[in-house]
Amino acid sequence: MSQVEAMVSLERLTRRFGDVTAVDGLSFDVASAELFGLVGPDGSGKTTTLRMLAGVLLPTEGDALMNGTSMARNPESAKPDLAYMSQRFGLYSDLTVRENLHFYADLYEVPRAERDQRMERLFRFSNLGPFTERLAGKLSGGMKQKLGLSCALIHQPKILLLDEPTFGVDPISRRDLWLIVHEMVAEGVTVIVSTAYMDEAERFDRVALLNEGRLLALATPAEMQEELKGKVYAVVVDRLREARDRLQPLHQVERAAVFGDRLHVTLTDPSHAPVIETTLQDGGFSVRGTDRIEPSMEDVFIHHVSQAGVL
Amino acid sequence: MLSRRRLWAMARKEVIQLRRDTRSLALAFVLPVLLVVLFGYAITWDVDDIATAVVDQDQSSRSRDLIDAFRSSGYFTVTRSLERPGDIEPLLDRSAIRLALVIPPDFSAAILAGRPAELQAIVDGSDANTASIILGYTQAVALSYSSALRLEGRVRALPATAESRVWYNEELSSRNMIVPGLVAVIMMIIAAMLTSLTIAREWERGTMEQLAATPVHRFEVVIGKLLPYLAIGLIDVVVVTIIGVLLFGVPFRGNALLLMILATAFLIGALGLGMFISAVAKSQVLATQLAMIATFLPAFLLSGFMFAIAVMPAPLQAVTYLVPARYFLVVTRGIFLKGVGVEVLRVQGLLMIAFAIVGLALATRVFQKRIL
Chain A
9 MSQVEAMVSL ERLTRRFGDV TAVDGLSFDV ASAELFGLVG PDGSGKTTTL RMLAGVLLPT
69 EGDALMNGTS MARNPESAKP DLAYMSQRFG LYSDLTVREN LHFYADLYEV PRAERDQRME
129 RLFRFSNLGP FTERLAGKLS GGMKQKLGLS CALIHQPKIL LLDEPTFGVD PISRRDLWLI
189 VHEMVAEGVT VIVSTAYMDE AERFDRVALL NEGRLLALAT PAEMQEELKG KVYAVVVDRL
249 REARDRLQPL HQVERAAVFG DRLHVTLTDP SHAPVIETTL QDGGFSVRGT DRIEPSMEDV
309 FIHHVSQAGV L
Chain B
117 MLSRRRLWAM ARKEVIQLRR DTRSLALAFV LPVLLVVLFG YAITWDVDDI ATAVVDQDQS
177 SRSRDLIDAF RSSGYFTVTR SLERPGDIEP LLDRSAIRLA LVIPPDFSAA ILAGRPAELQ
237 AIVDGSDANT ASIILGYTQA VALSYSSALR LEGRVRALPA TAESRVWYNE ELSSRNMIVP
297 GLVAVIMMII AAMLTSLTIA REWERGTMEQ LAATPVHRFE VVIGKLLPYL AIGLIDVVVV
357 TIIGVLLFGV PFRGNALLLM ILATAFLIGA LGLGMFISAV AKSQVLATQL AMIATFLPAF
417 LLSGFMFAIA VMPAPLQAVT YLVPARYFLV VTRGIFLKGV GVEVLRVQGL LMIAFAIVGL
477 ALATRVFQKR IL
């Protein structure tokens with residue numbers, strides 16, 4: 009990706025809190041109008057990264073260029089182009105939906121003439137229209153998130169930063185939220201979303217896998233899954249945990265993990281497939297099926313974490 | 117670049133929140149009225165209706181004249197006549213009386229002989245302030261009684277008389293001292309208690325993170341938050357002044373406009389200080405406690421409102437120079453009681469403006485659009 013296209017550019021972005029390094033030398037670019045995912049478990053540095061990109065937390069080292077503006081040196085001048093939605097509900101619960109929107113429109117100096125038009129449009133997306141006079145604190149969790157997103161979008165930002173927007177949100181609101189996000193991307197907004205839900209990672213144009221503040225992998229979801237193609241098997245077997253412990257030490261097995269009522273076994277090479285069944289049958293397990301499956305993002309994540317030697 | 121629109125948006129938001137926050141509103145408007153009424157009625161340094169017991173061992177018309185002089189002074193209520201001085205102690209112990217007068221058996225004989233006649237006054241000294249005031253009244257009544265005797269020609273030796281006149285607060289009414297002082301103290305309360313919450317609340321509720329991500333300038337946040345409280349503070353000044361003048365008859369001799377201008381400067385400083393505390397504390401409970409200690413208590417105890425600065429120990433006197441309310445108290449008392457203008461209050465006026473600038477600078481400096 010060339011410099012010209014990069015809307016967001018991280019250069020060894022680092023943040024330490026005392027002895028703890030929350031974000032450790034992240035470097036990557038995000039292109040204009042890209043839907044970019046920061047994926048990783050809790051404590052992997054997603055929130056700290058987004059806070060630095062939003063200009064509410066200074067990097068200890070390194071920098072992030074947002075539309076060319078340094079967040080280490082000059083965060084305030086980047087803010088008119090940015091929108092940020094924190095993980096915790098950050099709007100005023102004692103203000104109504106309309107008052108919150110007006111407040112944010114004023115802070116970003118949205119022309120009055122355009123404001124109402126934009127609000128109408130956001131209401132169409134979010135279905136918040138009937139609730140304009142309701143106090144924000146009295147909205148449901150999903151409604152709150154949609155209001156947060158609406159407030160973030162009222163000034164038509166170039167870059168939208170969302171910190172776990174779907175966390176604790178009901179499926180219908182979650183779908184609404186993704187609809188809005190995809191619509192924004194279609195209009196050319198660069199969107200960076202963090203999530204701990206691996207199943208959401210497939211929506212992204214590209215995904216950065218984070219663990220303990222470090223970048224494990226960066227690719228499109230398809231590329232990531234391609235890497236594991238033919239290596240992941242779902243095994244239906246009795247005594248799941250014992251079976252897992254039997255398979256894990258084998259050098260042909262990269263990782264065996266319990267997934268619900270079955271085992272997901274990731275092999276170091278697709279040619280090792282027969283070893284699963286032979287090993288388990290030798291151990292006296294009754295194997296009811298061994299099927300090659302499409303690797304999920306969860307498999308991808310576990311694959312990368314075990315490769316990094318973290319687990 | 118500062119934007120007037122963002123500043124107004126902050127102020128409007130704050131007003132809406134205040135309007136929906138009944139507790140803060142009550143604090144802002146009911147508390148000042150409550151304080152001025154409470155202080156005006158209940159807490160006063162004036163002593164009257166002093167329960168007095170009399171032991172009249174002389175039982176003459178002279179001694180009865182003296183007792184009448186005490187009765188008619190308006191300060192003493194003679195509640196008991198005792199036989200023996202020994203009866204006094206249990207009454208004082210029970211606080212049934214605060215003063216006992218013992219008129220010796222040779223009282224009228226001494227007066228007739230032209231000798232000094234002695235009158236013994238026993239005062240409950242457990243409240244030193246009240247005791248010294250009671251003694252002062254007792255001496256005054258005794259003095260006027262002897263002057264009357266001198267006119268009769270009964271006493272040849274002229275008692276030394278000091279004629280005192282009090283200026284500004286002719287009745288030496290403590291209300292006249294309290295109400296103007298209360299204006300200063302109430303403003304400190306409004307500033308400390310209300311603004312100390314505003315920034316800390318944003319931190320606690322997580323709204324600050326969102327606010328910090330917008331292009332709003334921190335000066336816009338500070339001024340925008342300050343304006344509604346400034347308005348409340350000024351309304352309180354007017355209300356307290358009106359109550360003081362109409363209900364308690366406190367004189368208002370100076371220029372109301374000058375009072376409002378200096379009150380505005382003082383309020384800005386106090387509000388800035390409250391906001392500084394709020395930004396440092398980042399938690400509402402801590403902010404309120406810090407505000408109490410840092411602004412309210414000094415204004416109450418060290419400004420000269422409750423206790424005269426001149427009688428404080430030297431180190432404490434030195435501390436009072438750092439208490440802004442001390443200077444504002446000079447302003448309010450000066451304008452209320454003396455009717456003085458800018459020519460006298462020039463120094464205090466400049467200090468008020470300096471206080472306003474320092475308060476704003478502190479608040480803006482410490483408030484960062486950063487988490488951590």
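Each protein sequence line maps, in turn, to chains A and B. Heads up, the working numbering is the position in the first sequence plus 8, with the first residue counted as 1. Heads up, the working numbering is the position in the second sequence plus 116, with the first residue counted as 1. Every residue gets a Cβ at the ideal spot worked out from N, C-alpha and C, and that includes glycine.
Judged by DSSP secondary structure, residue 311 (chain A) falls within the alpha helix (DSSP H) whose first and last residues are 305–315. Interface residue (Cβ-Cβ distance to chain A less than 9 Å): residue 323 (chain B) is classified as such. Around residue 64 (chain A), the beta-carbon contacts reaching into chain B at under 8 Å are 325, 328, 329, 485, 486, 487. Separation of residue 134 (chain B) and residue 36 (chain A) (C-alpha to C-alpha, rounded to the nearest whole angstrom) is 45 Å. Taking residue 221 (chain B) as the centre and dropping the five residues before and after it, the same chain places the C-beta of 173, 174 closer than 6 Å to its C-beta, in chain order. Taken in chain order, the whole alpha helix (DSSP H) runs of length 4 or more contained in the region 376–423 of chain B are 400–407. By the beta-carbon neighbour count (other beta carbons within 10 angstroms, threshold 16), residue 67 (chain A) is buried.
Between residue 63 (chain A) and residue 33 (chain A), the C-beta spacing is not below 9 Å. In this structure residue 249 (chain A) is in contact with residue 266 (chain A), their Cβ atoms being roughly 7 Å apart against a cut-off of 8 Å. When Cβ pairs closer than 8 Å are counted between the two stretches, the region 475–483 of chain B is seen to touch the region 394–402 of chain B, the count reaching three or more.
In the three-state scheme derived from DSSP, where H, G and I count as helix and E and B as strand, residue 178 (chain B) is classed as helix. The region 289–296 of chain A and the region 46–64 of chain A do not touch, with fewer than 3 CB-CB distances between them shorter than 8 Å. Contact between residue 236 (chain A) and residue 163 (chain A) fails: their C-beta atoms lie close to 41 Å from each other, not under 8 Å.
Taking CB atoms only, residue 119 (chain B) has a neighbour in chain A less than 9 Å away.
Ranked by Cα distance from residue 372 (chain B), the options B:204, B:140, B:384, B:356 are led by B:356. Residues 29, 31, 32, 33, 34, 67, 68, 69, 70 of the same chain have their beta carbon placed closer than 8 Å to that of residue 22 (chain A), with the five preceding and five following residues left out of the count. Listed as beta-bridge partners of residue 272 (chain A) by DSSP are A:242, A:265. Look at the region 61–88 of chain A: the residues with a C-beta under 7 Å from a C-beta of chain B are 62, 63, 64, 65, 66, 84, 87, 88. Residue 178 (chain A) places its beta carbon less than 9 Å from that of residue 150 (chain A). Following the DSSP letters along the chain, one finds residue 92 (chain A) inside the beta strand (DSSP E) bounded by residues 90–93. In the DSSP secondary-structure assignment, residue 74 (chain A) is bridged to A:16, A:77.
For residue 297 (chain B), the closest alpha carbon among the candidates B:423, B:195, B:342, B:404 is that of B:423.
At a Cβ-Cβ threshold of 9 Å, residue 144 (chain B) and residue 348 (chain B) count as neighbours. Residue-level contact by beta carbon holds for residue 156 (chain A) and chain B, with a gap shorter than 9 Å. Membership of residue 138 (chain B) in the alpha helix (DSSP H) is indicated by the continuous run 138–157. For residue 315 (chain B), the number of other beta carbons within 10 angstroms of its own is at least 16, and it is reported as buried. Each residue's CA atom was taken as its position, placing residue 247 (chain A) and residue 289 (chain A) some 12 Å apart. Assignment of residue 436 (chain B) by DSSP, reduced to helix, strand and coil, places it in the helix class. Residue 447 (chain B) is a Cβ neighbour of residue 465 (chain B), given a cutoff of 9 Å.
Its Cα nearest to that of residue 185 (chain B), the residue B:259 stands out among B:407, B:259, B:406, B:462. In chain B, no part has a C-beta under 9 Å from the C-beta of residue 241 (chain A); the shortest such distance is about 44 Å. Here residue 300 (chain B) really is in contact with residue 419 (chain B); their C-beta atoms are around 7 Å apart, less than 8 Å.
What residue 98 (chain A) touches in chain B, judged by beta-carbon distance under 7 Å, is 322, 323, 325, 326, going in chain order. Non-local C-beta neighbours of residue 340 (chain B) in its own chain, meaning closer than 6 Å and more than five positions away in sequence, comprise 123, 126, 127, ordered along the chain. Annotated three-state conformation of residue 33 (chain A) is strand, per DSSP. Here residue 252 (chain B) is exposed: its Cβ has fewer than 16 other Cβ atoms, across all protein chains shown, within 10 Å.
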